[in-house]
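Participant:
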Amino acid sequence: MPSAPIAVIDFETTGMMPAQGARATEVAIVLMEGGRVVDRYQSLMRTGVRIPPFITQLTGITNAMVEAAPDAAAVMREAARFVGDAPMVAHNAAFDRKFWQAEMQHAGLAAPHPFACTVLLSRRVYPDAPSHSLGRLTDHLGLPRAGRAHRALADAEMAAALLACMQRDLCQRFGLAWPDHALLMQLQRCARPAIGKLLQRHRQAAPAEQPPTALQMG
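First residue of the sequence shown? That's 1 in the UniProt record's numbering, and the numbers climb one at a time after it.
1) What does a CB cutoff of less than 6 Å around residue 153 pick up in its chain, not counting 5 residues either side in sequence?
2) What's the gap between the Cα of residue 54 and the Cα of residue 47?
3) Tell me which same chain residues have a C-beta within less than 7 Å of the C-beta of residue 65, skipping the five on either side of it?
4) Let me check one thing: in DSSP terms, what residues is residue 43 bridge-paired to?
5) Using only the alpha-carbon positions, how far apart do residue 177 and residue 188 sit?
6) Quick one: what does DSSP say residue 117 is sitting in, helix, strand or coil?
7) Per DSSP, what are the beta-bridge partners of residue 8 in this structure?
8) How big is the Cα-Cα spacing for residue 49 and residue 171?
9) Nearest by alpha-carbon distance to residue 134: which of 159, 117 and 80 is it?
10) According to DSSP, is residue 97 helix, strand or coil?
11) In the DSSP assignment, what are the bridge partners of residue 71?
12) Residue 116: which of 173, 199 and 89 sits nearest, CA to CA?
13) With a cut-off of 8 Å on the beta carbons, I'd call residue 202 and residue 183 a contact; round off their distance for me.
14) Label residue 218 either buried or exposed according to how many other C-beta atoms from any shown protein chain fall within 10 Å of its C-beta, with 16 as the threshold for buried.
15) Near residue 199, what residues of its chain come up, given a Cβ to Cβ distance below 8 Å and the 5 sequence neighbours on each side ignored?
16) What is the rounded straight-line gap between the Cα of residue 16 and the Cα of residue 129?
17) Please state the DSSP three-state secondary structure of residue 62.
18) Taking residue 221 as the reference, which of 194, 7, 102 and 161 has the closest Cα?
19) Measuring straight from C-alpha to C-alpha, what distance separates residue 63 and residue 24?
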């Protein structure tokens, strides 16, 4: 099984749009290899931007907590070292990609990492799911809840478990080799009626491998 790492990321933030002045308050990254968690990184981060009360109510992150946290640029330098060249995954990646790029820019760092999205992927792999929100999908698939929702590490852990579940199900349904990030990027852009042909071409191009067992996934 290929062991190329994938970095699953989640941000908590002061608002929705970096372009409107929102900043990150917390980042968490779960490093996956072949469906297994091999490492984790998490930190609150201080930007000087106040957290609105409704965000504190949602996340539990207070202004006092971030005032005592490391400077955002230092956190992002650590996060960049942790991720390295690994491609990235997030649930609703359009949101997390914007904050990854914005916070990396604030820290004077490049952010070339491609992002796959577990929302887009789940709509293709589990089109009949009652919801494609992270919590509802986690419950629908019988995956473990990792902790309080809207905290970065718990959400990154759940997104990582969802990613591994989708990769394993793709192996079992279509006889694929373990789906790498490049295939996930193709799949999330693929129209639903064309998914079978895409995966058939991929299967013909590479020999199938056994998906990891639950024990191997840890």
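Beta carbons: idealized from backbone N, C-alpha and C, even for Gly. Since this is a predicted model, take the numbers as computed values, not measurements.
Facilitator: So, from the listed chains and residues:
1) Walking along the sequence shown from the start, residue 153 turns up at place 153. For residue 153, where only same-chain residues beyond five positions count, the Cβ hits under 6 Å are 28 and 42.
2) Numbered from 1 along the sequence shown, position 54 holds the residue referred to as residue 54. Numbered from 1 along the sequence shown, position 47 holds the residue referred to as residue 47. Each residue's Cα considered, the two are about 18 Å apart.
3) Looking up residue 65 in the sequence shown gives position 65. Only 44 meet the Cβ criterion.
4) Working through the sequence shown from its first residue, we reach residue 43 at position 43. Bridge partners of residue 43: 27.
5) Within the sequence shown, the letter at position 177 stands for residue 177. Within the sequence shown, the letter at position 188 stands for residue 188. Spanning the two alpha carbons is a distance of roughly 17 Å.
6) As a first step, residue 117 is located in the sequence shown; it is residue number 117 there, counting from the start. In this structure, residue 117 counts as strand in the three-state DSSP scheme.
7) Numbered from 1 along the sequence shown, position 8 holds the residue referred to as residue 8. Its beta-bridge partners are 30 and 89.
8) Indexing the sequence shown from 1 puts residue 49 at position 49. Indexing the sequence shown from 1 puts residue 171 at position 171. Using only the alpha carbons, I get a separation of about 44 Å.
9) Indexing the sequence shown from 1 puts residue 134 at position 134. Nearest of 159, 117 and 80 to residue 134, Cα basis: 159.
10) For the purposes of this step, residue 97 is taken as the residue at position 97 of the sequence shown. It is helical.
11) Position 71 of the sequence shown, counted from the first residue, corresponds to residue 71. Answer by DSSP bridge pairing, in chain order: 46.
12) Translated into the one-based positions of the sequence shown, residue 116 becomes position 116. It is 89 whose Cα lies nearest to the Cα of residue 116.
13) Within the sequence shown, residue 202 is the residue found at index 202, counting from 1. Within the sequence shown, residue 183 is the residue found at index 183, counting from 1. Indeed they touch by this definition, with Cβ atoms about 6 Å apart.
14) By 1-based counting over the sequence shown, the position of residue 218 is 218. In this prediction, residue 218 has a pLDDT of 41, which is less than 50 and means its spatial position is unreliable; what the coordinates show is noted afterwards. Residue 218 should be labelled exposed.
15) Taking the first residue of the sequence shown as position 1, residue 199 is located at position 199. Here the set comprises 170, 174, 176 and 187.
16) Walking along the sequence shown from the start, residue 16 turns up at place 16. Walking along the sequence shown from the start, residue 129 turns up at place 129. Those two C-alpha atoms are separated by around 26 Å.
17) The residue given as residue 62 occupies position 62 in the sequence shown. If DSSP states are grouped into helix, strand and coil, residue 62 belongs with coil.
18) An answer regarding residue 221 cannot be provided, because it is not within the stretch 1 to 218 covered by the chain.
19) Against the sequence shown, residue 63 aligns to sequence position 63. Against the sequence shown, residue 24 aligns to sequence position 24. Distance between the alpha carbons of residue 63 and residue 24 is about 12 Å.
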